[in-house]
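K.L.:
One structure is given below, represented as structure tokens, and several questions about it will come after.
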Amino acid sequence: MRSVSARRSCWAACAACCNKPGKGILLMSQQQPAAAGQTYLRQHLPQLILLLFIAQPGMDVLSYWLDALGGGNTVSLLLRFAMLAGTALVGFGLSRNRKIYFALCAVLMLLAAGHIWACGTAGYSDPVYDLTNYIRVAQIPLFVFCFVTFLREGGEDSYRAIERGFAVNFVMIVAVELLSAATGTNPYTYPNKSIGLLGWFYFANSQSAILSALVPVLLMQAIRAKKTLWTVAAAVASFGVLYLFATRLAYLAIFVSATGLILVMLLCRRLDKKAAAILLAGAVICGAGYFVSPMYRNQAEHQDIVREKQQRADEMIAQAEEEYGTTVEQSPELCLLPVYEEHLGGLVDRFGAARVMQQYGYSRDAERLSGWREMKITYCRLLMEDTGLPAVLFGMELSDMTWDGETYDVENDFHGIFYLYGAVGLAAFILFLLYFAWLIVRAMLRDFSRYFTLEAGAFGISLCLLLVHVYCTAGVVRRPNASFYLSVVLAVIYYFVKIKAYSAEQEELPPA
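For the sequence shown, our numbering begins at 73 and goes up steadily by one.
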């Protein structure tokens with residue numbers, strides 16, 4: 073009885089306090105606008121999500137033209153950071169479990185502190201430039217958290233907005249590519265060879281990743297609509313854009329998307345024979361056109377250049393052998409020096425010919441010696457050896473990867489994370505990705521028929537294609553335009569496994 077009366081007295085005191093002149097009005101005035109703002113945002117989440125999608129190709133085109141006209145990328149970079157900050161504020165404001173945002177912030181700040189310490193031990197020359205690059209990587213988990221919040225608060229409406237965003241962005245990109253070709257302003261995927269339909273987009277590898285991520289989801293929507301004309305149009309546009317893009321990964325995405333979606337339909341017992349036939353026909357046509365494809369033409373021209381370089385290297389080695397009266401087998405450092413100075417001059421100047429030759433195993437292969445990917449990885453490996461343990465743990469400064477005006481920032485994202493943010497940064501990134509892999513595996517083992525749907529399969533294909541680009545290029549993790557799609561795909565996977573209500577007996581899950 074005492075406890076009941078005590079509670080009543082407490083409630084009465086609170087009510088009296090709130091009813092005092094000024095105090096109750098102040099309390100309500102503080103709560104109502106915040107609640108009204110959250111309600112408004114929840115009601116308009118689909119529109120907000122679609123706006124975020126539409127902004128992506130828009131900012132890409134703006135960035136391209138600013139750079140082409142000599143304006144640099146400062147304006148577009150500030151716009152992207154403003155969009156990131158605004159999205160983070162909305163996500164944090166709508167979240168019912170804000171502790172996870174604080175936890176993410178703490179992890180990112182600890183990694184940044186470790187990186188700053190490592191760079192400081194080697195002499196921090198340009199922290200603003202370096203930390204700006206760090207924010208580009210840090211935005212991936214932040215966008216994932218925000219989109220998970222949007223999907224939890226908006227449910228199926230938010231998910232449908234994401235699907236529409238994939239379709240709208242694909243249409244926008246195709247329109248830009250066609251317009252650039254029609255006006256003669258296409259910058260080409262490979263500008264030195266005038267090969268590939270790129271459109272007004274600056275980074276070819278990023279655009280290849282974006283198209284590869286968009287296509288499976290676009291085709292899935294066409295298949296689900298069960299309208300043959302839509303499926304044909306989507307397949308022609310999707311495969312055509314990837315075919316004309318000219319990169320090997322874009323060409324690969326044609327066959328991964330086609331065969332992957334057919335396999336998904338079979339496994340989830342939703343085979344649409346007409347749609348499967350259309351996808352298969354598109355893949356066969358693109359395969360039959362291999363020898364006339366822009367990708368093949370680029371590779372053929374590349375091999376011609378490699379043969380010329382190899383012939384030149386052999387001549388230089390023979391000339392050195394004659395000059396020094398020895399052979400390359402007897403005195404490799406003498407006879408190979410002209411070739412290494414020709415192709416790896418920056419590394420030879422920075423680290424010395426002996427170390428560079430040792431790293432390359434005294435190779436005479438001109439294709440390998442002139443390959444930018446291995447060259448940049450070798451530069452960063454030698455630089456990390458010279459920098460010491462702090463760099464191994466938390467990475468090196470981005471500006472240290474420039475020597476004599478040449479940038480040696482690696483062209484593979486996993487390598488890039490390691491050399492920029494060390495073993496700790498790479499481990500954190502891999503663990504973050506492995507969490508979503510664990511979600512997928514656990515869901516498949518728990519109830520394959522429930523979780524393996526046409527939609528889940530399409531986004532799974534997109535994730536695989538994005539990760540292939542992460543492994544093979546530097547066009548995703550540190551490129552905000554491409555990493556945006558990686559974040560969205562990861563958030564959608566979380567939605568499929570942890571949020572989406574497949575049936576009435578769906579288990580209750582803690583808020584995120």
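A virtual CB, placed ideally from N, CA and C, is assigned to each residue, including glycine.
(1) Indicate whether ALA281 and ALA554 have their beta-carbon atoms separated by less than 8 Å.
(2) Using a Cβ distance threshold of 8 Å, determine whether the segment 238-250 contacts the segment 267-286, with at least three qualifying pairs required.
(3) Tell me whether MET181 is buried or exposed, calling it buried when 16 or more other Cβ atoms sit within 10 Å of its Cβ.
(4) For the segment 408-492, list the alpha helix (DSSP H) runs that are entirely contained and at least 4 residues long, ordered along the chain.
(5) In this structure, does DSSP put TYR262 in helix, strand or coil?
(6) Would you tell me roughly how many angstroms separate the C-alpha atoms of LEU333 and HIS415, rounded to the nearest one?
(7) Please list the terminal residues of the continuous alpha helix (DSSP H) segment that includes PHE164.
(8) Identify the continuous alpha helix (DSSP H) that holds ASN553 and give its terminal residues.
(9) Ends of the alpha helix (DSSP H) at SER587?
(10) Could you spell out where the alpha helix (DSSP H) holding ARG379 opens and where it closes?
(11) Are the Cβ atoms of ALA318 and THR399 separated by less than 8 Å?
(12) State the start and end residues of the unbroken alpha helix (DSSP H) segment that holds TYR231.
(13) By alpha-carbon positions, which one of LEU562, LEU511, PHE504, ALA463 ends up nearest to VAL491?
(14) What three-state label does DSSP hand GLY96 in the structure shown?
(15) Which residue from LEU223, TYR507, TYR368, LEU166 puts its Cα closest to that of LEU122?
(16) Measure the CB-CB distance between LEU321 and SER284 and report whether it falls below 8 Å.
(17) Ordered along the chain, which non-local residues of its own chain (more than five positions away) have a Cβ less than 7 Å from that of GLU405?
(18) For VAL133, which option in GLY186, ALA276, PHE217, VAL209 has the closest C-alpha, if you only look at C-alpha atoms?
(19) Classify ASP139 as buried or exposed, calling it buried when 16 or more other Cβ atoms lie within 10 Å of its own Cβ.
(20) So, at 8 Å on beta carbons, what are the nonlocal neighbours of ILE97 in its own chain, with the 5 sequence-adjacent residues on each side left out?
(21) Apart from the five residues on each side of it in sequence, which residues of its chain come closer than 7 Å, Cβ to Cβ, to LEU343?
(22) For THR479, does the count of other Cβ atoms within 10 angstroms reach 16, so buried, or fall short, so exposed?
(23) Should GLU483 go down as buried or exposed, given a rule of 16 or more other Cβ atoms within 10 Å for buried?
(24) Ends of the alpha helix (DSSP H) at ASP132?
(25) For LYS191, report the span of its alpha helix (DSSP H) as first-last.
(26) Leaving out five residues on either side along the sequence, give the residues of the same chain with a beta carbon under 6 Å from the beta carbon of ALA194.
(27) Inspect the beta-carbon positions of PRO288 and ILE565 and report whether they are closer than 8 Å.
(28) Can you tell which of ASP476, GLN115, THR474, GLU387 has its C-alpha closest to the C-alpha of ARG436?
(29) Since ILE267 sits in a beta bridge, which residues does DSSP pair it with?
(30) Can you tell me where the alpha helix (DSSP H) holding THR331 begins and where it ends?
(31) What would DSSP say about THR525, mapped onto helix, strand or coil?
(32) Which of the three DSSP states is assigned to LYS572 in this structure?
(33) Once DSSP output is grouped into helix, strand and coil, what is the label at VAL216?
(34) Between GLU393 and the rest of its own chain, which residues show a CB-CB distance below 7 Å, the 5 nearest in sequence each way excluded?
(35) What is the rounded straight-line gap between the Cα of GLU32 and the Cα of ASP198?
P.N.:
With the structure as the only source:
(1) yes
(2) yes
(3) exposed
(4) 417-423, 425-431, 438-441, 444-459, 461-466
(5) strand
(6) 44 Å
(7) 146-166
(8) 552-566
(9) Outside the displayed span of the chain (73 to 584) sits residue 587, for which this structure offers no information.
(10) 366-396
(11) no
(12) 228-254
(13) The sequence shown places Tyr at residue 491, rather than the Val named in the question. Answer by Cα proximity: ALA463.
(14) For GLY96, the predicted structure reports a pLDDT of 40, less than 50, and the residue's modelled location is therefore unreliable. The matter cannot be settled from this model.
(15) LEU223
(16) yes
(17) ALA425, ALA426, MET429
(18) ALA276
(19) exposed
(20) At ILE97, the pLDDT of 32 sits below 50, so the modelled position is not reliable; the number obtained from the coordinates is stated separately. Same-chain partners within the cutoff: there are none.
(21) MET337
(22) exposed
(23) buried
(24) 117-140
(25) It should be noted that the sequence gives Cys, not Lys, for residue 191. Residues 171-194.
(26) THR459
(27) no
(28) GLU387
(29) TYR262
(30) 320-339
(31) coil
(32) coil
(33) helix
(34) THR399, VAL400, CYS407
(35) Residue 32 cannot be examined here, being either before or after the span of the chain that is shown, 73 to 584.
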